[in-house]
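> Residue numbers (the working numbering): 3 to 439. So that we are looking at the same thing, I have put the structure below in structure tokens.
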Ligand code: SF4
């Protein structure tokens with residue numbers, strides 16, 4: 003039996019399930035739980051990741067829901083970098099972090115490549131005085147094509163970045179402009195050429211299916227161009243319209259009556275077509291959002307996050323996870339800096355997960371990989387997911403979205419393409435209807 007196809011229009015709200023429990027359940031009054039957890043030694047055998055948030059962008063894309071700033075001058079940026087380095091110093095003293103080296107590092111934003119070479123060297127060296135990522139297996143750095151000049155790309159390679167992730171989003175000049183994207187189409191090839199010439203172990207391209215103005219013809223050209231460029235991996239997100247985006251505001255103000263992007267069925271079809279083309283070219287589908295090719299195409303940050311690694315976060319509004327406690331830093335620029343400068347940890351809100359919430363979290367996040375070996379969960383949590391999640395697994399199996407073979411749960415391709423929609427069925431009732439952010 004197959005479920006009725008979901009042909010729903012794109013509406014305002016979050017679609018992508020980035021974490022569990024939902025961020026809106028993390029409490030300011032529980033921020034101390036993160037500090038207390040940081041003060042205790044780590045659980046044995048838990049890998050550590052480091053996330054560094056760079057919140058600056060040249061322009062704010064109309065679909066952006068991140069905490070970004072387009073108006074900071076060089077002295078504000080310098081003060082921010084000092085605060086991040088100081089936060090690293092403070093965190094490195096905690097028992098949960100002291101003496102540990104991150105297995106993987108992720109510079110996200112915002113636009114990390116907005117920083118100059120001088121600022122980047124200052125930041126990398128400053129953090130590493132306190133937390134060395136010597137020996138880290140993966141260092142990812144997010145870039146916006148228009149900010150990549152050859153010396154900067156070479157400096158990033160020289161500083162040890164292994165995985166350069168280029169936010170192409172779309173190859174069409176008009177679509178980039180219509181979505182208020184900062185970079186121009188012609189800057190993509192140039193940036194990609196610099197990245198390839200520099201010899202990074204892995205170059206990833208980000209695309210978005212369903213940007214405003216997207217058409218079947220243009221999307222086909224985007225796929226062809228991606229295949230021609232032959233990156234090591236391709237990440238494709240389906241366009242959503244979270245509440246705090248420019249598009250959502252226009253809809254709320256009545257400037258825009260209906261969402262100016264394709265419906266979900268069309269976006270899923272576009273991602274499915276891209277995956278099929280990439281598979282024909284030798285890529286494998288590593289998750290609901292990623293195609294990859296070759297032994298260099300790792301994504302340890304994603305894998306660590308989804309398998310319960312500790313994640314130390316640095317920077318304004320960034321999200322961390324230490325020993326079963328979720329936390330988020332202060333989410334405004336000046337208050338974040340002032341908190342660090344006053345000598346206090348900039349943790350704004352936190353949530354202590356129960357064992358069952360940890361199980362739900364890792365299970366639903368790993369479903370996004372397209373396959374889950376439930377024996378690993380039984381070993382780790384002492385609970386068999388096939389019993390714990392018997393109801394939703396049966397429902398999605400009956401609907402044709404997944405199959406169960408022994409201890410293995412496998413998503414069908416059309417299930418994988420809408421996996422975020424399916425995950426809510428694994429939540430307890432109190433988390434099904436809550437606002438995600
Ligand atoms: S480049 Fe990324 S972080 Fe910056 S405004 Fe656009 S979507 Fe947001």
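The beta-carbon is built from N, C-alpha and C at its ideal position, and this holds for glycine as well.
Report buried or exposed for residue 29, applying the criterion of at least 16 other Cβ atoms within 10 angstroms of its Cβ.
The residue in question, residue 29, is exposed, as its Cβ has fewer than 16 Cβ neighbours within 10 Å.
> Could you tell me the alpha carbon to alpha carbon distance between residue 37 and residue 119, rounded to whole angstroms?
Roughly 33 Å between the two C-alpha positions.
> In chain order, what residues place their C-beta within less than 7 Å of a heavy atom belonging to the ligand SF4?
Those residues are 59, 61, 62, 63, 65, 66, 68, 70, 111, 112, 113, 146, 169, 183, 184, given in chain order.
> Does the beta-carbon of residue 103 have 16 or more other beta-carbons within 10 angstroms, so that it is buried, or is it exposed?
Residue 103 comes out exposed.
> Looking only at its own chain, which residues have a Cβ that is under 6 Å from the Cβ of residue 300, when we skip the five neighbours before and after it?
Here the set comprises 140.
> Give a yes or no on whether the C-beta atoms belonging to residue 486 and residue 169 are separated by under 8 Å.
This structure does not reach residue 486, given that the chain is present from 3 up to 439, and the question cannot be answered.
> Compute the Euclidean distance between the alpha carbons of residue 137 and residue 432, then round it to the nearest angstrom.
Between residue 137 and residue 432, the C-alpha separation is close to 42 Å.
> Would you be able to state if there are at least three C-beta pairs under 8 Å between the stretch 312-329 and the stretch 389-401?
Touching, no.
> Would you say residue 88 and residue 115 are within 8 Å of each other, going by their C-beta atoms?
Not closer than 8 Å, so no.
> For residue 151, I'd like the list of residues in its chain whose CB is within less than 8 Å of its CB, leaving aside the five on either flank, ordered along the chain.
Closer than 8 Å at the Cβ level, and outside the excluded window around residue 151, lie 196.
> Can you check which of these residues, 165, 380, 371, is closest to residue 404 by C-alpha distance?
Checking every option, the nearest Cα to that of residue 404 belongs to 371.
> Within 8 Å (strictly less), CB to CB, does residue 34 reach chain C?
No chain C appears in the structure shown, which is made up of a single protein chain.
> Nearest to residue 144 by CA position, among 278, 419, 193, is which residue?
Cα-wise, what sits closest to residue 144 is 193.
> Any idea if residue 264 is buried or exposed, counting beta-carbon neighbours within 10 angstroms, 16 or more meaning buried?
It counts as buried.
> Kindly indicate which residue of 33, 92, 396, 308 has the alpha-carbon position closest to the one of residue 20.
For residue 20, the nearest C-alpha among the options comes from 308.
> Can you name the start and end residues of the beta strand (DSSP E) that residue 405 belongs to?
Note, residue 405: beta strand (DSSP E), 404-407.
> For residue 421, which of 407, 401, 409 has the nearest alpha-carbon?
Checked all of 407, 401, 409; the closest Cα to residue 421 is 401.
> Along the chain, where does the alpha helix (DSSP H) that runs through residue 224 open and close?
Taken as a continuous stretch (DSSP letters only), the alpha helix (DSSP H) holding residue 224 covers 218-231.
> On the CB-based measure, 16 or more other CB atoms within 10 Å of its CB, does residue 188 come out buried or exposed?
By the 10 Å Cβ count, residue 188 comes out exposed.
> If you compare alpha carbons, which of 386, 313, 78, 336 is closest to residue 327?
Here the closest residue by C-alpha is 313.
> Quick one: Cα of residue 385 to Cα of residue 369, how far?
Cα to Cα, the separation comes out at about 17 Å.
> Look at the alpha carbon of residue 292 and the alpha carbon of residue 127, and state the distance between them as a whole number of angstroms.
Looking at the two C-alpha atoms, the distance is approximately 31 Å.
> Whole alpha helix (DSSP H) runs in the stretch 239-287 with 4 or more residues, listed along the chain?
The stretch 239-287 contains these whole alpha helix (DSSP H) runs: 248-254, 266-282.
> Anyone know if the C-beta pair for residue 466 and residue 125 falls short of 8 Å?
Residue 466 lies beyond the stretch modelled for the chain, which goes from 3 to 439, so this question has no answer here.
> Figure out for me which residue from 330, 352, 288 has the closest Cα to the Cα of residue 413.
Residue 288 is the option with its Cα nearest to residue 413.
> Should residue 73 be listed as close to the ligand HEM, given that the test is whether its C-beta is under 7 Å from any heavy atom?
With respect to the ligand HEM, the structure shown offers nothing to examine, as its ligands consist of the ligand SF4.
> Suppose the cutoff is 7 Å on Cβ atoms and the five residues either side in sequence are ignored; what does the same chain contact list for residue 200 look like?
Excluding residues within five positions, the ones whose Cβ falls inside 7 Å are 155, 156, 159.
> Could you tell me the alpha carbon to alpha carbon distance between residue 4 and residue 397, rounded to whole angstroms?
The pLDDT assigned to residue 4 is 41, lower than 50, so where the model puts this residue is not dependable, and the model offers no usable value.
> Can you list the beta strand (DSSP E) stretches of 3 or more residues lying completely in the stretch 281-321, in chain order?
Qualifying beta strand (DSSP E) stretches, in chain order: 286-289, 292-294, 312-316.
> Given residue 244, which residues of its chain have a CB within under 6 Å of its CB, disregarding the five upstream and five downstream residues?
Same-chain partners within the cutoff: 16, 67.
> The alpha helix (DSSP H) with residue 421 in it runs from where to where?
Looking at the DSSP string, the run of the alpha helix (DSSP H) that includes residue 421 is 421-425.
> Pull up the distance between the alpha-carbon of residue 434 and that of residue 427, whole angstroms please.
Whole-angstrom Cα-Cα distance: 8 Å.
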